[in-house]
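Chains as they are written, first to last, in the working numbering: chain A, 2 to 309; chain B, 2 to 309.
By construction, the Cβ of each residue, glycine as well, lies at the ideal position given by its N, Cα and C atoms.
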């Protein structure tokens, strides 16, 4: 069973979409990553922070899935990170209405002893200095470090972001952010610029339009599953990252060929995430459903042209 | 060798993109369809109209590729259809600056005798009444009728458009037009609404985001090849249609399984079209290049997850 370290937010989200709205519900990058990764044979630990307003039922969600929460710090008297957002009608863009950092403002991550030799590290969206802190605590160089980030850090912490990008094997980033980071419109060229920054692999996430995996001169594409209804995109990118790293950690094979499979597994997990609010769909997701939908991904993409 | 009837415009285009502009060059739906289809083993005839300002060198382009132009009417003293457009910076949208219908205004199509028994009919973008006229001239019901249309006809000729849609097997349409035609945002639901209108198959073209093929409850996805540079998207949808129908006519196999291959062949041809202005790239395209890029499509999409 491969070890996986997950760093990222554990949060309360309040979400409004054209289909409805929620009060404060469970959210955060590390939450979605952990839930998705728990569908694979991995020994995962979440490194994050919450306040003592974080309910025990939410903590149980992690422990019920054998996710190590010994490094999920609970700050006495502290309040959990809170994000409130409203999606536009096409669900492709959103406005952030509230961001309360709360306990996240002074967060200093500590990787649990038992996971300092993890083969795979998933650095979910957080301040790049926190992401760097996790890398530095690893006892030996992990086989694979994957970093997810967003435009907020490009705008507000570009220097430490570039420092941590240097250290990672895989950067996952969405299309607009890839363009912002590289000043290149073409995603092919953007990926090449990112290679020059350090990573050997680049995953560019295009939401409902799928994800591209770049490696040297090669490229692999995983579509998003065409769904009748996308209900709430919150956490889809993190769920993708959880499926991606969960699969890679469980197989121990980090080749480009196997990374293609990982991108499909990530897309598969993300296709469930968007069907309900927040983590709702992931929480009740069964192994048979995951397996059945993998068949759909195969039918969606595999063809039979004989090549000469 | 399967027979293919192609109806659509043969035109002069003047194009402006962020990368440059052209004077009047060869364009038109039937032109792009014919050029793409000529890469397959088909006996194709173009049904269209031009003025006597249409140069012999352009006519030779068709005949050099064994495309039957006996039904490409040349109107004495008439002027060829002219379209001028300017693309926005992201190439995903464009403004039409000039549309001169000219000889197209009074066009009455005549399918050549030798092609009235064609197995495959490709109704390229034109007035739906003209498209219907072609169907009615076929000696027997073709095995496969494919129709391409655009929002202009939904706005200006919805009733005859709905009449011709009833008669076709495959509708190819872009994503925004599918939404307009059905009033459904989800492309999955839009495809189901289109099934109710008549077609058994629906291809929804998403430009740089690929194409979806729907049949009953099944769906297949062909990505667009990620390119370093897209130079001019003019004709890409028609080139896709030409590769799609050219392949189907050449194989004589119109099953859903083979239609998946056809969608890949269509995407493959379209990936060349966008690399230069207008038909430039298609005119010098070699068989080896087409074959080589098919390998890239396979590498782009094929993965190796064992399913349980």
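- The residues 43, 120, 250, 251, 253, in chain order, have a CB closer than 6 Å to that of residue 3/B in the same chain once the five nearest residues on each side in sequence are set aside.
- In terms of Cα proximity to residue 147/B, the closest of 136/B, 297/B, 155/B is 136/B.
- Taking residue 100/B as the centre and dropping the five residues before and after it, the same chain places the C-beta of 84 closer than 7 Å to its C-beta, in chain order.
- In this structure, the CA atom of residue 17/A is about 14 Å from the CA atom of residue 276/A.
- Distance from the CA of residue 261/B to the CA of residue 300/A, rounded to the nearest whole angstrom, comes to 10 Å.
- Within the same chain, 86, 87, 88, 89 come within 7 Å of residue 95/A by CB-CB distance, once the 5 residues on both sides are set aside.
- According to DSSP, residue 213/A shares a beta bridge with 205/A, 222/A.
- Within chain A, not a single residue places a beta-carbon under 7 Å from that of residue 89/B; the smallest gap is close to 12 Å.
- About 15 Å separates the Cβ atoms of residue 169/A and residue 138/A, ruling out a contact at the 8 Å cut-off.
- Spanning the alpha carbons of residue 129/B and residue 212/A requires a straight line of approximately 37 Å.
- Contact annotation for residue 230/B against chain A: 187 [CB-CB distance below 7 Å, chain order].
- Within chain B, no residue has its beta carbon less than 9 Å from that of residue 137/A; the closest one is some 35 Å off.
- Per the Cβ contact rule, the region 41-56 of chain B is not in contact with the region 283-292 of chain A (fewer than 3 Cβ pairs under 8 Å).
- DSSP, read as helix, strand or coil, puts residue 261/A in helix.
- Distance from the CA atom of residue 270/B to the CA atom of residue 25/A, rounded to whole angstroms, is 50 Å.
- Residue 88/A sits in a strand when the DSSP states are folded into three classes.
- In this structure, the beta-carbon distance from residue 37/B to residue 279/B does not fall below 8 Å.
- In the displayed model, residue 242/B falls within a helix according to three-state DSSP.
- The C-alpha of residue 103/A lies about 12 Å from the C-alpha of residue 75/A.
- Looking at the backbone, the Cα of residue 69/A and that of residue 31/A are separated by about 12 Å.
- Between residue 203/A and residue 222/A, the C-beta gap is not smaller than 8 Å, which leaves the two residues out of contact.
- Residues of chain B whose Cβ lies closer than 9 Å to the Cβ of residue 262/A are, in chain order, 304, 305, 306.
- Within its own chain, the residues whose Cβ lies closer than 8 Å to the Cβ of residue 53/A, once the five positions on either side in sequence are excluded, are 75, 76, 77, 78, 79, listed in chain order.
- Looking from the CA of residue 225/B, the closest CA among 237/A, 231/A, 236/A, 210/A belongs to 210/A.
- With 16 or more other Cβ atoms from the protein chains shown falling within 10 Å of its own Cβ, residue 105/B counts as buried.
- Among the residues of the region 195-220 of chain B, those with a Cβ less than 8 Å away from any Cβ of chain A are 207, 210, 211, 213, 219, 220, in the order of the chain.
- Check the Cα spacing between residue 264/B and each of 283/B, 282/B, 295/B: the tightest is with 295/B.
- Of all alpha-carbon atoms in 246/A, 33/A, 307/A, the one lying nearest the alpha-carbon of residue 143/A is that of 246/A.
- In the three-state reduction of the DSSP assignment, residue 254/B falls in the coil class.
- Contact between residue 268/A and residue 298/A holds, with the beta-carbon distance rounding to 7 Å and staying under 8 Å.
- Boundaries of the alpha helix (DSSP H) around residue 289/B: 288-302.
- Non-local C-beta neighbours of residue 118/A in its own chain, meaning closer than 6 Å and more than five positions away in sequence, comprise 140, ordered along the chain.
- Residue pairing of residue 95/A in beta bridges, as defined by DSSP: 88/A.
- Annotated three-state conformation of residue 309/B is coil, per DSSP.
- One thing to note: residue 41/A has its Cβ within 8 Å of the Cβ of residue 248/A.
- Excluding the 5 residues flanking it on each side, residue 73/B has same chain C-beta neighbours closer than 6 Å at 47, 49, in chain order.
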